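Asker: Let me give you the structure first, and then I'll get to my questions.
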Amino acid sequence: MSEPSTITDPADPRLADYTGLTDVELRRRREPAEGLFIAEGEKVIRRALSAGYRMRSMLLTAKWLDVMADVIADADAPVHVVEPTLAEAVTGYHVHRGALASMERKPLPDAADLLTGARRVSVFEDIVDHANMGAAFRNAAALGVDAIFLTPRCADPLYRRSVKVSMGAVLQVPWTRLEAWPKDIEILRSAGFTVAALCLSDQAITLDELASRDDEKLALVFGTEGTGLAAETLASVDEHVRIPMDAGVDSLNVAAASAVAFYATRPRRELIR
(Lines of atoms letter the chains of each structure in order from A and count residues from 1; the text may use other names and numbers.)
(Lines give C-alpha, C1' and ligand atoms only; values in the text may rest on other atoms or scores of the structure.)
Protein backbone atom coordinates (compact mmCIF):
# COMPACT_ATOMS: atom_id res chain seq x y z
CA MET A 1 0.00 0.00 0.00
CA SER A 2 1.17 3.51 -0.82
CA GLU A 3 0.62 5.93 2.05
CA PRO A 4 -1.02 9.12 0.71
CA SER A 5 0.99 12.28 1.26
CA THR A 6 -0.38 15.82 1.35
CA ILE A 7 1.26 18.40 -0.92
CA THR A 8 0.69 22.14 -0.47
CA ASP A 9 3.20 23.65 -2.90
CA PRO A 10 2.16 23.73 -6.59
CA ALA A 11 5.85 23.84 -7.54
CA ASP A 12 6.60 20.57 -5.74
CA PRO A 13 8.63 18.42 -8.20
CA ARG A 14 6.53 15.39 -7.30
CA LEU A 15 3.68 16.99 -9.27
CA ALA A 16 5.70 17.39 -12.47
CA ASP A 17 3.63 14.85 -14.44
CA TYR A 18 0.49 16.95 -13.92
CA THR A 19 1.73 20.44 -14.79
CA GLY A 20 0.18 22.40 -17.64
CA LEU A 21 -2.30 19.79 -18.83
CA THR A 22 -4.12 22.43 -20.91
CA ASP A 23 -1.03 23.18 -23.00
CA VAL A 24 -1.85 20.92 -25.95
CA GLU A 25 1.43 21.31 -27.79
CA LEU A 26 3.44 20.67 -24.61
CA ARG A 27 1.50 17.51 -23.83
CA ARG A 28 1.72 16.24 -27.42
CA ARG A 29 5.48 16.51 -27.25
CA ARG A 30 6.05 15.54 -23.66
CA GLU A 31 3.74 12.62 -22.92
CA PRO A 32 4.88 10.28 -25.73
CA ALA A 33 8.51 11.33 -25.28
CA GLU A 34 8.47 10.59 -21.56
CA GLY A 35 6.37 7.44 -21.89
CA LEU A 36 3.45 8.67 -19.83
CA PHE A 37 -0.22 9.54 -20.22
CA ILE A 38 -2.82 10.98 -17.86
CA ALA A 39 -5.92 9.05 -16.80
CA GLU A 40 -8.68 11.29 -15.46
CA GLY A 41 -11.53 10.15 -13.22
CA GLU A 42 -12.23 7.04 -11.21
CA LYS A 43 -13.56 4.90 -14.09
CA VAL A 44 -10.72 5.71 -16.46
CA ILE A 45 -8.07 5.10 -13.80
CA ARG A 46 -9.60 1.74 -12.96
CA ARG A 47 -9.81 0.78 -16.65
CA ALA A 48 -6.18 1.75 -17.18
CA LEU A 49 -5.08 -0.45 -14.30
CA SER A 50 -7.33 -3.28 -15.46
CA ALA A 51 -5.78 -3.03 -18.93
CA GLY A 52 -2.34 -3.59 -17.41
CA TYR A 53 -0.94 -0.06 -17.48
CA ARG A 54 1.45 0.69 -14.63
CA MET A 55 0.74 3.71 -12.43
CA ARG A 56 3.51 6.28 -11.92
CA SER A 57 1.58 8.33 -9.36
CA MET A 58 -1.92 9.46 -8.44
CA LEU A 59 -3.20 12.95 -7.64
CA LEU A 60 -6.37 13.17 -5.53
CA THR A 61 -8.42 15.69 -3.64
CA ALA A 62 -9.31 14.54 -0.14
CA LYS A 63 -12.94 13.61 -0.86
CA TRP A 64 -11.74 10.90 -3.28
CA LEU A 65 -9.62 9.04 -0.74
CA ASP A 66 -12.47 6.77 0.34
CA VAL A 67 -13.71 6.18 -3.22
CA MET A 68 -10.23 5.20 -4.38
CA ALA A 69 -9.26 3.35 -1.18
CA ASP A 70 -8.91 -0.04 -2.87
CA VAL A 71 -6.79 1.43 -5.66
CA ILE A 72 -4.58 3.16 -3.10
CA ALA A 73 -4.24 -0.09 -1.15
CA ASP A 74 -2.95 -1.88 -4.25
CA ALA A 75 -0.81 0.99 -5.54
CA ASP A 76 2.95 0.65 -5.72
CA ALA A 77 3.27 4.32 -6.73
CA PRO A 78 3.05 7.54 -4.70
CA VAL A 79 -0.38 9.00 -3.99
CA HIS A 80 -0.49 12.80 -3.68
CA VAL A 81 -3.37 14.54 -1.88
CA VAL A 82 -4.01 18.20 -2.72
CA GLU A 83 -6.65 20.88 -2.26
CA PRO A 84 -8.89 21.51 -5.30
CA THR A 85 -7.41 25.00 -5.76
CA LEU A 86 -3.89 23.57 -5.85
CA ALA A 87 -4.93 20.88 -8.35
CA GLU A 88 -6.29 23.64 -10.60
CA ALA A 89 -3.12 25.72 -10.19
CA VAL A 90 -0.95 22.74 -11.19
CA THR A 91 -3.02 21.36 -14.07
CA GLY A 92 -4.40 24.61 -15.44
CA TYR A 93 -8.06 23.58 -15.29
CA HIS A 94 -10.76 22.67 -12.75
CA VAL A 95 -10.26 19.00 -11.91
CA HIS A 96 -13.94 18.35 -11.32
CA ARG A 97 -13.50 14.57 -11.34
CA GLY A 98 -11.08 14.94 -8.44
CA ALA A 99 -8.72 12.13 -9.41
CA LEU A 100 -5.83 11.95 -11.87
CA ALA A 101 -3.23 9.28 -12.41
CA SER A 102 0.00 9.37 -14.36
CA MET A 103 0.37 6.06 -16.17
CA GLU A 104 3.22 4.42 -18.08
CA ARG A 105 2.67 3.70 -21.76
CA LYS A 106 3.16 0.25 -23.24
CA PRO A 107 5.20 -0.46 -26.38
CA LEU A 108 2.99 -0.40 -29.47
CA PRO A 109 2.29 -3.88 -30.90
CA ASP A 110 3.24 -5.03 -34.36
CA ALA A 111 0.48 -4.43 -36.91
CA ALA A 112 0.51 -8.00 -38.18
CA ASP A 113 0.09 -9.33 -34.65
CA LEU A 114 -3.11 -7.32 -34.16
CA LEU A 115 -4.64 -8.96 -37.23
CA THR A 116 -4.31 -12.49 -35.86
CA GLY A 117 -7.84 -13.74 -35.21
CA ALA A 118 -9.42 -10.39 -36.13
CA ARG A 119 -12.45 -10.05 -38.40
CA ARG A 120 -13.24 -6.33 -38.19
CA VAL A 121 -10.59 -3.62 -37.97
CA SER A 122 -10.43 0.08 -38.72
CA VAL A 123 -7.82 2.47 -40.07
CA PHE A 124 -7.96 6.20 -39.27
CA GLU A 125 -5.99 8.45 -41.60
CA ASP A 126 -4.69 11.78 -40.26
CA ILE A 127 -7.41 12.26 -37.63
CA VAL A 128 -6.08 15.21 -35.62
CA ASP A 129 -9.02 16.07 -33.37
CA HIS A 130 -8.64 14.41 -29.96
CA ALA A 131 -12.38 14.36 -29.27
CA ASN A 132 -13.07 12.61 -32.57
CA MET A 133 -10.29 10.14 -31.81
CA GLY A 134 -11.74 9.32 -28.40
CA ALA A 135 -15.27 8.99 -29.76
CA ALA A 136 -14.11 6.69 -32.55
CA PHE A 137 -12.38 4.40 -30.07
CA ARG A 138 -15.51 4.30 -27.92
CA ASN A 139 -17.55 3.35 -30.99
CA ALA A 140 -15.05 0.63 -31.85
CA ALA A 141 -15.19 -0.83 -28.35
CA ALA A 142 -18.99 -0.80 -28.29
CA LEU A 143 -19.48 -2.22 -31.77
CA GLY A 144 -17.05 -5.11 -31.92
CA VAL A 145 -14.04 -3.73 -33.78
CA ASP A 146 -11.07 -5.98 -33.03
CA ALA A 147 -8.23 -3.49 -33.62
CA ILE A 148 -7.51 0.06 -34.75
CA PHE A 149 -4.64 1.26 -36.93
CA LEU A 150 -3.54 4.88 -37.02
CA THR A 151 -1.54 6.58 -39.74
CA PRO A 152 1.57 8.51 -38.66
CA ARG A 153 -0.07 11.95 -38.45
CA CYS A 154 -3.05 10.90 -36.33
CA ALA A 155 -3.60 12.46 -32.92
CA ASP A 156 -2.40 10.61 -29.84
CA PRO A 157 -5.20 8.35 -28.51
CA LEU A 158 -3.65 8.55 -25.03
CA TYR A 159 -3.81 12.34 -24.87
CA ARG A 160 -5.97 13.27 -21.88
CA ARG A 161 -8.97 14.51 -23.88
CA SER A 162 -9.02 11.42 -26.10
CA VAL A 163 -8.94 9.12 -23.08
CA LYS A 164 -11.67 11.14 -21.38
CA VAL A 165 -14.03 11.25 -24.38
CA SER A 166 -13.55 7.54 -25.00
CA MET A 167 -14.39 6.77 -21.34
CA GLY A 168 -11.25 4.66 -21.27
CA ALA A 169 -12.01 2.72 -24.47
CA VAL A 170 -8.61 3.74 -25.88
CA LEU A 171 -7.21 1.52 -23.12
CA GLN A 172 -9.34 -1.45 -24.18
CA VAL A 173 -9.26 -1.62 -27.98
CA PRO A 174 -5.91 -2.92 -29.32
CA TRP A 175 -4.23 -0.33 -31.54
CA THR A 176 -0.97 0.64 -33.15
CA ARG A 177 0.50 3.09 -35.65
CA LEU A 178 1.27 2.19 -39.23
CA GLU A 179 4.67 3.39 -40.39
CA ALA A 180 4.24 3.69 -44.16
CA TRP A 181 0.70 4.61 -45.15
CA PRO A 182 -0.87 3.79 -47.57
CA LYS A 183 1.74 1.18 -48.48
CA ASP A 184 0.82 -0.65 -45.28
CA ILE A 185 -2.53 -1.52 -46.84
CA GLU A 186 -0.63 -4.59 -48.03
CA ILE A 187 -0.32 -5.74 -44.41
CA LEU A 188 -4.11 -5.83 -44.24
CA ARG A 189 -4.55 -7.37 -47.66
CA SER A 190 -1.97 -10.10 -47.03
CA ALA A 191 -3.88 -11.08 -43.90
CA GLY A 192 -7.01 -11.62 -46.01
CA PHE A 193 -8.81 -8.33 -45.33
CA THR A 194 -11.00 -6.51 -47.80
CA VAL A 195 -10.01 -2.84 -47.43
CA ALA A 196 -12.95 -0.46 -47.83
CA ALA A 197 -12.66 3.33 -47.74
CA LEU A 198 -15.54 5.50 -46.56
CA CYS A 199 -15.65 8.36 -49.04
CA LEU A 200 -17.67 10.43 -51.50
CA SER A 201 -16.79 8.82 -54.80
CA ASP A 202 -18.56 8.21 -58.08
CA GLN A 203 -17.53 4.57 -57.91
CA ALA A 204 -18.64 4.05 -54.31
CA ILE A 205 -21.05 1.29 -53.41
CA THR A 206 -23.48 1.92 -50.58
CA LEU A 207 -22.78 0.82 -47.03
CA ASP A 208 -25.83 -1.44 -47.30
CA GLU A 209 -24.27 -3.23 -50.27
CA LEU A 210 -21.01 -3.73 -48.40
CA ALA A 211 -22.77 -4.98 -45.28
CA SER A 212 -24.84 -7.49 -47.27
CA ARG A 213 -21.65 -9.20 -48.45
CA ASP A 214 -20.60 -9.96 -44.87
CA ASP A 215 -16.91 -10.17 -45.78
CA GLU A 216 -15.06 -12.64 -43.62
CA LYS A 217 -12.42 -10.02 -42.86
CA LEU A 218 -13.06 -6.32 -43.35
CA ALA A 219 -10.95 -3.21 -42.73
CA LEU A 220 -12.79 0.13 -42.82
CA VAL A 221 -10.73 3.23 -43.60
CA PHE A 222 -11.78 6.72 -42.48
CA GLY A 223 -10.23 10.02 -43.51
CA THR A 224 -9.42 13.29 -41.88
CA GLU A 225 -12.17 15.62 -40.71
CA GLY A 226 -11.55 18.27 -43.35
CA THR A 227 -10.42 16.85 -46.68
CA GLY A 228 -11.21 13.16 -46.33
CA LEU A 229 -8.91 10.42 -47.58
CA ALA A 230 -5.83 11.07 -49.67
CA ALA A 231 -5.99 10.28 -53.38
CA GLU A 232 -3.22 7.70 -53.01
CA THR A 233 -5.23 5.92 -50.33
CA LEU A 234 -8.35 5.88 -52.49
CA ALA A 235 -6.35 4.40 -55.35
CA SER A 236 -4.97 1.66 -53.10
CA VAL A 237 -8.08 0.27 -51.39
CA ASP A 238 -10.38 -2.50 -52.64
CA GLU A 239 -13.70 -0.67 -52.32
CA HIS A 240 -15.10 2.84 -52.05
CA VAL A 241 -18.14 3.00 -49.77
CA ARG A 242 -20.63 5.76 -49.03
CA ILE A 243 -23.30 6.15 -46.38
CA PRO A 244 -26.55 7.19 -48.16
CA MET A 245 -27.68 10.63 -46.96
CA ASP A 246 -30.92 12.59 -46.96
CA ALA A 247 -31.80 16.28 -46.68
CA GLY A 248 -28.89 17.46 -48.79
CA VAL A 249 -26.30 16.34 -46.23
CA ASP A 250 -23.21 14.97 -47.97
CA SER A 251 -21.28 13.48 -45.04
CA LEU A 252 -21.14 12.85 -41.30
CA ASN A 253 -18.56 13.73 -38.70
CA VAL A 254 -15.87 11.03 -38.79
CA ALA A 255 -16.80 9.70 -35.35
CA ALA A 256 -20.50 9.49 -36.29
CA ALA A 257 -19.65 7.86 -39.61
CA SER A 258 -17.52 5.25 -37.87
CA ALA A 259 -20.37 4.32 -35.53
CA VAL A 260 -22.77 3.83 -38.45
CA ALA A 261 -20.26 1.81 -40.45
CA PHE A 262 -19.12 -0.36 -37.52
CA TYR A 263 -22.71 -1.26 -36.68
CA ALA A 264 -23.75 -1.96 -40.25
CA THR A 265 -20.80 -4.22 -41.04
CA ARG A 266 -20.67 -6.32 -37.89
CA PRO A 267 -20.26 -10.02 -38.74
CA ARG A 268 -23.62 -11.72 -39.18
CA ARG A 269 -22.80 -14.20 -36.42
CA GLU A 270 -22.90 -11.24 -34.02
CA LEU A 271 -26.26 -10.07 -35.35
CA ILE A 272 -28.04 -13.39 -34.72
CA ARG A 273 -26.96 -13.94 -31.12
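Each residue of the sequence shown is one higher than the one before, starting from 1034 at the first, in my numbering. Heads up, the beta-carbon is just placed ideally off N, CA and C, and yes, glycines get one too. Predicted model only: the values in this text are computed from it and were never measured.
1) Looking at the strands, I want to know which residues DSSP matches up with Trp-1208.
2) So what's His-1113 in DSSP terms, helix, strand or just coil?
3) Considering Leu-1221, what are the terminal residues of the alpha helix (DSSP H) in which it resides?
4) Determine the closest residue to Tyr-1296 out of Glu-1121, Ala-1174 and Met-1091, with distance taken between C-alpha atoms.
5) When you compare each of Thr-1055, Lys-1197, Glu-1067 and Asp-1247 to Glu-1121 by their alpha carbons, which one comes out closest?
6) Let me know if Lys-1197 comes out buried or exposed under the rule of 16 or more other beta-carbons within 10 Å of its beta-carbon.
7) List, from N- to C-terminal side, the alpha helix (DSSP H) runs of 4 residues or more that fit wholly inside the segment 1055–1108.
8) Suppose the cutoff is 8 Å on Cβ atoms and the five residues either side in sequence are ignored; what does the same chain contact list for Arg-1130 look like?
9) Is Val-1282 helix, strand or coil by DSSP?
10) Under 8 Å Cβ to Cβ from Asp-1241, same chain only, skipping five residues before and after it: list those, please.
11) Taking only three categories from DSSP, how would you classify Thr-1039?
12) Opposite Val-1156 in the DSSP bridges: which residues?
13) Buried or exposed: which applies to Tyr-1126, given that a residue is buried once 16 or more other Cβ atoms fall within 10 Å of its Cβ?
Answerer: With the given structure in hand:
1) Trp-1208 has Ile-1181 as its beta-bridge partners, per DSSP.
2) In the structure shown, His-1113 falls within a strand segment according to DSSP collapsed to helix, strand and coil.
3) It spans 1218–1223 - the alpha helix (DSSP H) in which Leu-1221 sits, taken as one unbroken run.
4) Each of Glu-1121, Ala-1174 and Met-1091 was checked against the Cα of Tyr-1296, and the nearest Cα belongs to Ala-1174.
5) It is Thr-1055.
6) Per the 10 Å Cβ criterion, buried.
7) Unbroken alpha helix (DSSP H) runs of no fewer than 4 residues, entirely contained in the segment 1055–1108, are found at 1057–1067, 1075–1083 and 1102–1107, following chain order.
8) Here the set comprises Glu-1073, Gly-1074 and Glu-1075.
9) In the three-state DSSP reduction, Val-1282 falls in the coil class, being neither helix nor strand.
10) Excluding residues within five positions, the ones whose Cβ falls inside 8 Å are Pro-1277 and Ala-1297.
11) Looking at Thr-1039 - three-state DSSP - the assignment turns out to be strand.
12) Val-1156 pairs with Phe-1182 and Val-1254.
13) Looking at its Cβ environment, which holds fewer than 16 other Cβ atoms inside 10 Å, Tyr-1126 is exposed.
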